[in-house]
Structures are given as C-alpha cells and as structure tokens.
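One structure is given here, and the rest of the page talks about it.
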Amino acid sequence: MTRNVDISRTSTRSWLFRCAPVCLLASLAGAAADPPPLAPPPEVDSSLARIDGKSISYADLEPRVGDKMAAQQRDYEGSYRHLILGTARARDRLVEEGLQKLVDDRVLALEAAARHSTPEALLKSVQTPTITDADMHAFYESQRSQINQPFEAVAGPMREYLQGIASGEALANYLHSLREKYHAEITWQPLREQVDATGPARGPEHAPITIVEFSDFECPYCARLAPILRQLLAAYPQDIRLVFRNLPLQAIHPKAIRAAEAAACAREQGKFWEMHDAIYAGQDKLNGKELREKAANIGLDAQRFKTCMDARQELTAIQADADAAAQLGLTATPSAFVNGRFVDGVMPLYQWKALIDDELERIASRGAG
Numbered sequence: 004m005t006r007n008v009d010i011s012r013t014s015t016r017s018w019l020f021r022c023a024p025v026c027l028l029a030s031l032a033g034a035a036a037d038p039p040p041l042a043p044p045p046e047v048d049s050s051l052a053r054i055d056g057k058s059i060s061y062a063d064l065e066p067r068v069g070d071k072m073a074a075q076q077r078d079y080e081g082s083y084r085h086l087i088l089g090t091a092r093a094r095d096r097l098v099e100e101g102l103q104k105l106v107d108d109r110v111l112a113l114e115a116a117a118r119h120s121t122p123e124a125l126l127k128s129v130q131t132p133t134i135t136d137a138d139m140h141a142f143y144e145s146q147r148s149q150i151n152q153p154f155e156a157v158a159g160p161m162r163e164y165l166q167g168i169a170s171g172e173a174l175a176n177y178l179h180s181l182r183e184k185y186h187a188e189i190t191w192q193p194l195r196e197q198v199d200a201t202g203p204a205r206g207p208e209h210a211p212i213t214i215v216e217f218s219d220f221e222c223p224y225c226a227r228l229a230p231i232l233r234q235l236l237a238a239y240p241q242d243i244r245l246v247f248r249n250l251p252l253q254a255i256h257p258k259a260i261r262a263a264e265a266a267a268c269a270r271e272q273g274k275f276w277e278m279h280d281a282i283y284a285g286q287d288k289l290n291g292k293e294l295r296e297k298a299a300n301i302g303l304d305a306q307r308f309k310t311c312m313d314a315r316q317e318l319t320a321i322q323a324d325a326d327a328a329a330q331l332g333l334t335a336t337p338s339a340f341v342n343g344r345f346v347d348g349v350m351p352l353y354q355w356k357a358l359i360d361d362e363l364e365r366i367a368s369r370g371a372g
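Following my numbering, the numbering of the sequence shown begins with 4 at its first residue and continues without gaps.
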C-alpha cells in the first residue's frame, strides 16, 4: 500500500523508498497454484430450516448470499496468491541479498590482504562526491509535486538523503571494481514470472530488456519513480522497453481511475506518455477540470478527449490490467518486472542500472554459450 509522506517528519531513507534493495525473484515454481478449496456451500436442494413444516432450502437462500459468497471466494483466492507469491519473493530476496553481501565480503577481504590493510579501512577510504546546491535544486524540481513544501523547508533532510544516495553509489562502484579485479561471478539464476507486456510502451520494440510497470496515477511513490525510469531509458536507449500497466488502488486513491482514463484517452491521440508525465508532475491536480487542462496543455483535441472521458470506454482495459496484477498477487504500487524479475517499490537510479547491467550480462553470457 502506498503512503503519503511528509519529508519534514520522515527519515531520509524511508522518505523516498518503499523497498530500497533490489528485490529480485529467485524461485516461484508452483507458487501460483490454485488455493486449497473452501468448504462448499450446501446442496441446492438441502433443507436448512422449516416453518410450519415447510422446508427452506439453500436454493431459497442463495439469492441473498450468493454474490457475497462469490466475492468472498475471489478475496480468498487473491489473498492466497498474495501470500504465496509474496512469501516466495521475500524468501528469495534474502538469498539474493545474502549472496551479494557474501561475494562483496570475500573480494573485500582479498583486497585487504593484498594491501596489508583491513576491510574496514578500505571501506573508510572510499571517496563520496559532495552534494552541490545544483544537485539539490535539480532533485527538488524533479520531485516538486511530491515534496509539496518550499525548498528551504526541506533542504536539510534532502541534502542528507542525496548524500546517502551518493555514498551508496560510491560504495557500490568500489565493490564492483573489486569484483572485476578478482573475477567474481554470480552464477545464481533467478526464476522469472510470466508477465504480459501489453500496454503503452517507451523504447525499442525488440529491446533485450522489458520492464513492465504496474502503477497508480495518484500514488506518490509512482510519481517518484517516473523520473528515475526516464533517466534509465535515456541511459540505455537501445536496451530497454518500458511498458505501463494500471493498478489503481481505489480504496486510498479515489482519483486514480479517472487519471488512468485520462491517460488512456490521451493514448487515443498518440500522447499517452505526455499525459503520463503531466499527471505525475502535478498529482495534486486530478479533478475533471484539471485533467482537461492537462489535456489542453499537451495539445490534445479537447472535444475528442471529452467524448472519450464521458464515454468511459477505457475502463475495460484498465480493469484488465488490475485483474492481471491480482493474478500476480500485487497489492501495492509501484511494482515492476524486469524480464520477469520482480522489483518492489522505488530504487535509486544506480541500483536500477546495476540490475539492468546484470541482466545485459546474463543475456550476453547466454549468447556466448
């Protein structure tokens, strides 16, 4: 479930991330099997009660409870999928994180021995770039609608957050250089989920890597992810295809459905991504009038847009995306799949790049083999 966050009251690490580490799928074979059956309802002609000797059967009761029982069954199946898939992903995330840490510890120990030093001393020697005012202003502008506070009010925690990201990236780069020096190779193979890449897309059609993102237009974390994914696409223009799918969390984001419809109606005029970017750049303005203003600002035909929105003809496709998400056990946004490998929440750009580089290396290795 997404959360609304006040940067002034939240630790910098938790402010931007719902899932900071790379969340990778390792073993989901058989995880989406059908759930154990619930106790069946009574037989249609079975007697449940009597009045003056006249029997009341389940057939008499079914019109009163049948729809609720069907909804209960759907909820049960969805909860089962979420539990099984979520548990498997969390378990294998532990394997991935533990393996990465073990490899880093081993190459760090080798380097320490070679330099007659200690791992602790080597880690302390890693140089971290200093965050400049320009860095802070650039980040603030990219996240202005989510921060929703004056620059001066958030400058302190924002600098701390960005400095933490810079430190993490510097450390990751150093450890990667040690892996290359000592020829470290991770042979662990993540299993992948089958995810249909249907929907509006950015990037080459036959790119080696497909990212399928399930997102909610009113979700603040999704808005924070959007500029990161744009930077990722710019860094790998021939390697990544990004596919957008809807997962509007209506219980907490009542405007998400209409925003999704607005983006779908913009797609009819060839401007889905322009509307996508406009919505995420101004999530505080998602009522009907404001969506029409966004449509005008990106150059849509106003009457065609209004007709499409009034007809609500895109609801079926939006619901199909939500149904697909339910089959994958997804209940929170953003959720993404990189060639079927699960990524939960928002990661900084350098972690996305590490995942993409790993995937490209795996593809190259398969080709060489």
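Note that beta-carbon positions come from the ideal geometry of N, C-alpha and C, so glycine has one too.
How many whole angstroms separate the CB atoms of residue i and residue j, which I take to be in contact at a CB cut-off of 8 angstroms?
{"i": "Phe220", "j": "Ala266", "result": "7 angstroms"}
{"i": "Tyr61", "j": "Pro44", "result": "6 angstroms"}
{"i": "Gly129", "j": "Ala73", "result": "Note on identity: in this sequence residue 129 is Val, with Gly being the wrong assignment. Rounded, the Cβ-Cβ distance is 58 angstroms, inconsistent with contact."}
{"i": "Thr334", "j": "His179", "result": "That belief does not hold up - the Cβ atoms of Thr334 and His179 are roughly 34 angstroms apart, past 8 angstroms."}
{"i": "Leu113", "j": "Tyr164", "result": "Leu113 to Tyr164, Cβ: 33 angstroms. No contact."}
{"i": "Lys297", "j": "Ala281", "result": "4 angstroms"}
Whose C-alpha, out of the options, is nearest the C-alpha of residue i?
{"i": "Gln166", "options": "Asp138, Gln146, Ser49 and Gln192", "result": "Asp138"}
{"i": "Ala158", "options": "Pro230, Ile168, Asp136 and Glu271", "result": "Asp136"}
{"i": "Glu100", "options": "Thr319, Gln354 and Arg365", "result": "Gln354"}
{"i": "Gln272", "options": "Leu51, Met312, Leu236 and Arg147", "result": "Met312"}
{"i": "Arg182", "options": "Arg369, Asp361, Ser368 and Ala371", "result": "Asp361"}
{"i": "Cys225", "options": "Asp95, Ala112, Pro240 and Ser145", "result": "Ser145"}
{"i": "Pro201", "options": "Ala323, Arg94 and Ala262", "result": "The residue asked about is misnamed: residue 201 is Thr in this sequence, not Pro. The shortest Cα separation from Thr201 among Ala323, Arg94 and Ala262 belongs to Ala323."}
{"i": "Thr131", "options": "Ala175, Ala156, Arg118 and Arg307", "result": "Ala175"}
{"i": "Val198", "options": "Arg369, Ala262, Val106 and Arg344", "result": "Arg344"}
{"i": "Lys127", "options": "Pro240, Ala117, Leu111 and Gln234", "result": "Leu111"}
{"i": "Ser148", "options": "Ala115, Val98, Arg53 and Arg227", "result": "Arg227"}
Taking DSSP's pairing of strands, which residues face residue i in a bridge?
{"i": "Asn300", "result": "None; Asn300 has no bridge partner."}
{"i": "Leu111", "result": "Its beta-bridge partners do not exist; DSSP assigns none."}
{"i": "Ala204", "result": "Val246"}
{"i": "Ala339", "result": "Glu216 and Val346"}
{"i": "Ile54", "result": "Lys57"}
Anyone know if the C-beta pair for residue i and residue j falls short of 9 angstroms?
{"i": "Pro38", "j": "Glu65", "result": "no"}
{"i": "Gly206", "j": "Ile168", "result": "no"}
{"i": "Val346", "j": "Leu358", "result": "yes"}
{"i": "Gly162", "j": "Asn342", "result": "One point to set straight first is that residue 162 is Arg, not Gly, in the sequence displayed. No, the Cβ-Cβ distance between Arg162 and Asn342 is not below 9 angstroms."}
{"i": "Ile260", "j": "Ile214", "result": "no"}
{"i": "Ile231", "j": "Val349", "result": "yes"}
{"i": "Pro211", "j": "Ile366", "result": "yes"}
{"i": "Phe217", "j": "Ser58", "result": "no"}
{"i": "Glu317", "j": "Cys268", "result": "yes"}
{"i": "Lys274", "j": "Gly291", "result": "no"}
{"i": "Leu352", "j": "Ala238", "result": "yes"}
{"i": "Leu51", "j": "Asp70", "result": "no"}
Do we get a CB-CB distance below 9 angstroms when we pair residue i with the residues of chain C?
{"i": "Leu303", "result": "Going by chain labels, chain C is absent from the structure shown, which holds only one protein chain."}
Just to check, is the beta-carbon of residue i closer than 8 angstroms to a non-hydrogen atom of the ligand PLP?
{"i": "Ile54", "result": "No copy of the ligand PLP appears in this structure; indeed no ligand is present at all."}
Inset, instruction - For the stretch 279 to 287 and the stretch 219 to 237, state whether three or more C-beta atom pairs, one from each stretch, are separated by less than 8 angstroms. - result: yes
Legend entry - Three or more C-beta pairs below 8 angstroms linking the stretch 242 to 258 and the stretch 326 to 340: yes
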